[in-house]
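**Q**
Protein chains: 2
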Amino acid sequence: MELYQDADAPVADRVRDLLARMTLTEKVGQVNQRMYGWDAYERTAQGHRLTDAFREEVARFEGMGALYGLQRADPWSGVTFGDGITAADGARVADAVQRHVIENTRLGIPVLMVEEVPHGHQALDGTVLPVNLAVGATWDPDLYREAAAAAAAELRARGGHIALVSALDLVRDPRWGRAEECFGEDPYLAARLTEALVEGMQGTGEAFGADRVAVVLKHFAGQGSSVGGRNSAATEIGARELHEIHLPAALAGVRAGAAGVMAAYNEFDGLPCAASHDLLSGLLRERWGFEGLVMADGCALDRLVRLAGDRPSAAALALSAGTDLSLWDGVFPELGTAVERGLVPTGVLDTAVARVLTLKFRLGLFERPYVAEGPERAAHTRELSERIARASITLLHNDAAVLPLAPEAKRIAVIGPNADSIPQQIGDYTAPQRPDSGVSVLAGLREAGADVTYARGCDLVGDDRSGIAEAVALAAASDVAVLVLGGSSAREHDTRFDDNGAAIIATGNPTEMTCGEGVDLADVRLGAGQRALAEAVAATGTPCVAVLIQGRPHAVSELAEQAGALVSAWYPGPWGGRAVADVLLGACEPSGRLPVSVPRSSGQLPVFYNSKDHGFRGYVDEPGTPLYPFGHGLSYTTTEFGSPHVSDGVCEVEVTNTGDRPVRETVQLYVRRVGGATSWPRVRELRGFRRVDLAPGERATVAFPLDDTVLASVTRSLDLAVEPGTYEIETGRSSDSTQSVTLTI
Amino acid sequence: MELYQDADAPVADRVRDLLARMTLTEKVGQVNQRMYGWDAYERTAQGHRLTDAFREEVARFEGMGALYGLQRADPWSGVTFGDGITAADGARVADAVQRHVIENTRLGIPVLMVEEVPHGHQALDGTVLPVNLAVGATWDPDLYREAAAAAAAELRARGGHIALVSALDLVRDPRWGRAEECFGEDPYLAARLTEALVEGMQGTGEAFGADRVAVVLKHFAGQGSSVGGRNSAATEIGARELHEIHLPAALAGVRAGAAGVMAAYNEFDGLPCAASHDLLSGLLRERWGFEGLVMADGCALDRLVRLAGDRPSAAALALSAGTDLSLWDGVFPELGTAVERGLVPTGVLDTAVARVLTLKFRLGLFERPYVAEGPERAAHTRELSERIARASITLLHNDAAVLPLAPEAKRIAVIGPNADSIPQQIGDYTAPQRPDSGVSVLAGLREAGADVTYARGCDLVGDDRSGIAEAVALAAASDVAVLVLGGSSAREHDTRFDDNGAAIIATGNPTEMTCGEGVDLADVRLGAGQRALAEAVAATGTPCVAVLIQGRPHAVSELAEQAGALVSAWYPGPWGGRAVADVLLGACEPSGRLPVSVPRSSGQLPVFYNSKDHGFRGYVDEPGTPLYPFGHGLSYTTTEFGSPHVSDGVCEVEVTNTGDRPVRETVQLYVRRVGGATSWPRVRELRGFRRVDLAPGERATVAFPLDDTVLASVTRSLDLAVEPGTYEIETGRSSDSTQSVTLTI
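The listed protein sequences derive, respectively, from chains X and U.
Letter by letter, the first sequence follows residues 62 to 806 in this note's numbering.
Letter by letter, the second sequence follows residues 62 to 806 in this note's numbering.
1) Which whole runs of the beta strand (DSSP E) in the region 333-380 of chain X are 3 residues long or more, in chain order?
2) Can you name the start and end residues of the beta strand (DSSP E) that residue 622 of chain X belongs to?
3) In chain X, what lies closer than 7 angstroms to residue 298 of chain U by C-beta?
4) Could you check which residue in X:751, X:767 and X:801 has the C-alpha nearest to that of residue 202 of chain X?
5) Pick out the complete beta strand (DSSP E) segments inside the region 522-560 of chain U, 3 residues or longer, and give them in chain order.
6) Using a Cβ-Cβ cut-off of less than 7 angstroms, give me the residues of the region 701-729 of chain U that come near chain X, in sequence order.
7) Between the region 779-799 of chain X and the region 388-406 of chain U, can you find at least three pairs of beta-carbon atoms closer than 8 angstroms?
8) Just verifying my parser: in three-state terms, what is the DSSP assignment at residue 66 of chain U?
9) What residue range does the beta strand (DSSP E) around residue 715 of chain X cover?
10) So that I know if they touch, is there some Cβ in chain U lying closer than 8 angstroms to that of residue 665 of chain X?
11) Out of U:69, U:127 and U:471, state which residue places its alpha-carbon closest to the alpha-carbon of residue 90 of chain U.
12) At the level of alpha carbons, what is the spacing between residue 504 of chain X and residue 511 of chain X?
13) Taking 8 angstroms as the threshold (C-beta atoms), are residue 786 of chain X and residue 734 of chain X in contact?
14) Would you give the residue range spanned by the alpha helix (DSSP H) that residue 599 of chain U belongs to?
15) Using DSSP with H/G/I as helix, E/B as strand and the rest coil, what is residue 798 of chain U?
16) Which value, in whole angstroms, describes the spacing of the CA atoms of residue 97 of chain X and residue 331 of chain X?
17) Roughly how many whole angstroms lie between the Cα atoms of residue 258 of chain U and residue 680 of chain U?
18) Between the alpha carbons of residue 517 of chain U and residue 646 of chain U, how many angstroms are there, rounded?
19) Determine the burial state of residue 454 of chain X: buried for a count of at least 16 other Cβ atoms within 10 Å of its Cβ, exposed for fewer.
20) Mapping DSSP to helix, strand and coil, what is residue 222 of chain U?
21) Where does residue 571 of chain X sit, in a helix, a strand or coil, going by DSSP?
22) Using beta carbons (cut-off 8 angstroms, strictly below), is residue 144 of chain X in contact with chain U?
23) Can you give me the start and stop residues for the alpha helix (DSSP H) that residue 160 of chain U sits inside?
24) Using only CA atoms, which one of U:521, U:599 and U:531 lies nearest to residue 575 of chain U?
25) Quick check on the burial criterion: 16 or more other C-beta atoms within 10 angstroms. Buried or exposed for residue 807 of chain U?
26) State the start and end residues of the unbroken beta strand (DSSP E) segment that holds residue 323 of chain X.
27) So that I know if they touch, is there some Cβ in chain X lying closer than 8 angstroms to that of residue 680 of chain U?
28) Check the Cβ-Cβ distances between residue 422 of chain U and every residue of chain X, and say whether any is below 8 angstroms.
29) So that I know if they touch, is there some Cβ in chain X lying closer than 8 angstroms to that of residue 673 of chain U?
30) Name the chain U residues that come within less than 9 angstroms of residue 575 of chain X, Cβ to Cβ?
31) Between residue 293 of chain U and chain X, is the shortest Cβ-Cβ distance under 8 angstroms, so that the two count as touching?
32) Once you ignore the five residues that flank residue 70 of chain X on each side, which residues in its own chain have a CB closer than 7 angstroms to its CB?
33) Which chain U residues sit within Cβ distance under 8 angstroms of residue 580 of chain X?
34) Applying a beta-carbon distance threshold of less than 7 angstroms, which residues of chain U neighbour residue 677 of chain X?
35) What residue does the beta strand (DSSP E) around residue 174 of chain X start on, and which one ends it?
36) Less than 8 angstroms between the CB atoms is what I'm expecting for residue 188 of chain U and residue 443 of chain U, so what's the real figure, rounded?
Structure, rendered in structure tokens:
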């Protein structure tokens, strides 16, 4: 037995031993991830067959570093239930792929199987979780950790090893179609959820358990601040904005042990992230001590040819910067040429190869390359998906106490283009769903036994008003109208795609997509037809509840006036309709809190609670404040918050349920630097939160230790440290409803 | 005679000698500019009298570094023709101030008199020039140099020494109310105009002529990129964006010899500019070799107390960073305490004092402290004001060839809230005008002998439609309707102001201001009333010309459809109405070119031609392209551009007037880096322009030497250098209409 085959040897020794045996071509093979996984197989009458293209790719490099998306299914890949890999086939096909690689290469190095798991595995029968923005609205890392573990187990049971998961991007501009992939606008909230993601999927410890996978966190860094909320546009922000806002989630993920990060498309300081030595080496490796993998984004390295001149030079540029593994590009396959031409030393390539090999060892692929038989996982994930949906539903206003719907509100008119569509409630990066799966809002209300009528009312986009009359008639004849509006990231059969899978949306396309990768929106109001529908339905005088199924916070000032109650259900996943119904009917208390500020219009963007504190007053034609602030969310009861008290380095605050229903309150801790720091402070910064369950009349004291994670800020040298000065420690129910105590350090 | 009094001694020697004689208090006095100038005098029946407050301020520091705005008049200062200083009084009052300072202080150091000259001297009888955005539309540095010289002479003849002039800010987001103070969106255009400004006002050479003044360029740096176009908000941009976009105008001004720059309010990398050693010392002094003065913006240093803890520490922070002279703040008066406490070495204070004294010597104030008799200047400035107005008028479209108005279009209905208001056509930072001065568009058309009727039609803001019917009747009964719409920066008597003079605009104020400092707009469309008016007038079927009087590019997609011709006249100054009339009637050819991209909506902001080249495709609901591109502007004739040719380091292009009227065409040169640079390139970058006058049928060859100013870009180390690579050299009539030739370096 060779040293690298010795399961008891330290991983580092095994890697060194194996590396020493490898040819340049084999090394280059290990840092490449060229194929679309769905090109690796064909489904025939006899089952799945590996393609010649796959065999040739393995042969070309005497091995394969990673195979992307073997089980991916969606309109872009073109994979459907007719020709794809279902849950029943996944393990078998994955094993066939692995067996081919191991048995047909000189060294038999197993291949990493990489899958998109943005919110559940994007594969046929992969269990869909609510999108990250919904997860953000739960403010519940524990629940998300559990769901992430379930998704990981489901993935591993089908042969996947690496989950690509969006976590690091922030919604700094909700025009961006990928807002749904973010945990919200806030670095602290995103950091806690990113930690939970990594812990849930990977577990803790050097080696991964048999039901765990490695996580590659997307995207590093700053992609949420692209100019104009435009996908793939530049990021103009400076180092401080990057450090204060965009890096905390990545740092939390790295500290939690994330196996990898994906270099973002956007540039920073004139260099695409995959080519930025400052970011990938100076910051990530040297400053943070990250020892994992940096994966390129899809075809991102091809873009570097423009700067570098040719492919080998582009390959050398990215590798030298700190990119370890390609994705679909034609650049990293030229690394052999780059080394031979002396554009990059072999040692740098060896380091990247070592990172890939290390992960394979840590995953146990040399010892257990094939899928272990395990229990059926999907039911557990499904339950967690629905729990997240429930926890994410955010009650924005309920002035008329329309909610929960009174038992005497028997006739319910369910109206709107998002009332009865599973594809429209699951978000982007999702596979085709089986016809009978999922529960729409309409179905959820029906299931609950409500007396429901339904009219679509209008299309999601455009201004066709032909369906409004029917909806109005229905509303007029009912006790309450439930308007289900919002956006959609459902890709259609005729959607065109870019090389990297982003939708290509020409302005004015007759598409019903308003969100998702490549689908940015200039005007974040609802479509004109939806607005007309809401106005007409509200005008009937029938009490009206508006439910928003959405992947971004839409600007809904008028709707907020028209509807007695307003609920954001985000993209709640396939079973989200049941969650919505339960909240509307009072079977479940609403407990979501806004992970983003809800804007009044595109004209006031960007709007977030943690802007720099420069006393900005607002526009002459519109306030500078959001329609609903970050952290906001109502319950069906009332709560009272005491003033915070600080003693012995702990901040305590009392919360009382003063109403007659139970509540899950989210106590939020903000820090406001009021004097003495070395850089200009923000208005306030979230630095802690606790969920607390209170029965009617119950009181609880919530304690926050005021440690460095609460008080530290980014110093002039861009380190994190607690600077002497004066701080307001604020606690409350949302970012615009806090009480404070002064702390001098 | 002491050395410092010897006019023949080198300035540096005089400064050193004088400094050595000064007490700490006297030094502190020289770097302070505490008073509002209008508090220094009272007008009585017997004339202007110096106030006790002024005398006390001089006594307090045994001298006075600078006096701000002695002659300023506007609603903020509260100065009017009833109590202010007119042209007839200016020299006498200024001399009285100077005499008091010289004769009542130990060393008799003259005071610098500092005035706002954003577009003409902001004083009673000060001749108003069109705003900078209009100057930008002329693309004519020669004309502007002449106007700047005229304004300087006018100022000096009234006793002013330093002109504060906005020049460095760029319109990167037209929501910003100070867009009117910018030369446009483009660094190169702004750089050429900033150069012209400095050359025109200061002349060249070490000493200033008797009709010249020193220029302090506002604002350094990056203020045009404040978040959300919000005045005083943070600037999040990084060093590269700063260097590529926001610094070229400043660098050009410094190289042209600008006497000073004003540190901007905004922060950069967490520090307000006035506290940024990196900006004010590292970059400005050390890298660029700037030897002039850095002045703080109004009350800006007071804000530093939040960081520094107390006033002396804030003073030390700003002085150490490189700020030399205060403005109204309570911080720099504490510099003595700061030095005594050891917070900053005396040597640092001496350097700042030396900079102030040097400027006083260069201005000849020790030899000629009082105002020289000179010719009356205003008529010359007025002529130049009107020439700039003419040159700035930008014809955006003329599809129906409605313009120039045919002689048979006899009955002209002039309609709109900007048709007959001088205050609304002069912009912000202007003094009250004499009742009989100026020519509105309505008056201009009448003066030209047109048969004109007039209806205001609607208010500038709001949605009152009561005046529309009258306007529609007028239009229906006319041969052509001239709609004069847009915005206004006219401050009103009841406008409230911030400490620093910015208007305080509460959202929903019943104000007619839509622009100006402190007046930012979320929705850059015209007001609802104006839009309704345009729609109604256009619906009459009477041919319609729309003229926009505006301080920012408004989003006018619908108006562009409704009107046969669309003209932007910017804020054309008091006599701009005559210029507009002449262009409409064909007495003058339109020759303005857009200095900014005209957006389609606030939702697509920011939109500029020189964005980073990342292949952005547009929003799903709106294109990413502007309504009209940077550099665009039509003539009343047609022109043809040949392909560019490069030989011997010169790019040549032929332009032909193919129509039947004369033209002043603006040939634009753009550079597009297509390969090989060290940072990601922009779509294209303006690097040259030439105006060329062509008679009908005439052809000319325009030549651009391809020197470093054309080809250089910002390197990784943030220097300017020509990097090897492939370039497209593009020439054409606008940023979206070019032909190119490839150049490899």
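Backbone N, C-alpha and C fix where the C-beta goes; we use that ideal spot for every residue, glycine too.
**A** Concretely, from the data shown:
1) Counting only runs of at least 3 residues, the region 333-380 of chain X fully encloses the following beta strand (DSSP E) elements, listed from N- to C-terminal order: 354-356.
2) Counting along the chain, residue 622 of chain X falls outside any beta strand (DSSP E), though it belongs to the alpha helix (DSSP H) covering 618-623.
3) Listed by position along chain X, the residues whose Cβ is nearer than 7 angstroms to that of residue 298 of chain U are 297, 298 and 299.
4) Taking only the C-alpha atoms, the option nearest residue 202 of chain X is X:751.
5) Annotation: the region 522-560 of chain U contains the following complete segments of the beta strand (DSSP E) (minimum length 3 residues), in chain order: 541-547.
6) So the list is empty, because no residue satisfies the distance condition.
7) Not touching, per the Cβ criterion.
8) In the structure shown, residue 66 of chain U falls within a helical segment according to DSSP collapsed to helix, strand and coil.
9) Start and end: 711-718.
10) At least one beta carbon of chain U lies nearer than 8 angstroms to the beta carbon of residue 665 of chain X.
11) Among U:69, U:127 and U:471, the Cα nearest to that of residue 90 of chain U is on U:127.
12) Answer to the nearest angstrom: the Cα atoms are 10 angstroms apart.
13) Taking 8 angstroms as the Cβ cut-off, residue 734 of chain X and residue 786 of chain X qualify as a contacting pair.
14) Counting along the chain, the unbroken alpha helix (DSSP H) around residue 599 of chain U starts and ends at 589-600.
15) If DSSP states are grouped into helix, strand and coil, residue 798 of chain U belongs with the strands.
16) Here the alpha carbon of residue 97 of chain X sits roughly 30 angstroms from the alpha carbon of residue 331 of chain X.
17) Each residue's Cα considered, the two are about 39 angstroms apart.
18) Between residue 517 of chain U and residue 646 of chain U, the C-alpha separation is close to 21 angstroms.
19) By the neighbour-count rule (16 or more Cβ atoms within 10 Å), residue 454 of chain X is buried.
20) It is coil, neither helix nor strand.
21) Confidence in residue 571 of chain X is poor, its pLDDT being 43 and thus under 50, which makes the residue's placement unreliable; the coordinate value appears in the next sentence. Secondary structure of residue 571 of chain X (DSSP, three-state): coil.
22) With 8 angstroms as the cut-off, residue 144 of chain X does not count as an interface residue toward chain U.
23) Start and end: 148-164.
24) Of the candidates U:521, U:599 and U:531, the one whose C-alpha sits nearest the C-alpha of residue 575 of chain U is U:521.
25) Residue 807 of chain U lies beyond the residue range present for chain U, which begins at 62 and ends at 806; the question has no answer from this structure.
26) 321-324 is the span of the beta strand (DSSP E), which, as asked, contains residue 323 of chain X.
27) At least one chain X Cβ lies under 8 angstroms of residue 680 of chain U.
28) By this cut-off, residue 422 of chain U is not an interface position.
29) Judged by the 8 angstroms Cβ criterion, residue 673 of chain U is in contact with chain X.
30) Neighbours of residue 575 of chain X across chain U, judged by C-beta separation under 9 angstroms: 681 and 682.
31) By this cut-off, residue 293 of chain U is an interface position.
32) Here the set comprises 64.
33) Per Cβ cutoff of 8 angstroms: 681.
34) When 7 angstroms is used as the limit between beta carbons, residue 677 of chain X is near these residues of chain U: 291, 293 and 294, in chain order.
35) Counting along the chain, residue 174 of chain X sits inside the beta strand (DSSP E) bounded by residues 173-177.
36) Residue 188 of chain U to residue 443 of chain U, Cβ: 5 angstroms. Contact.
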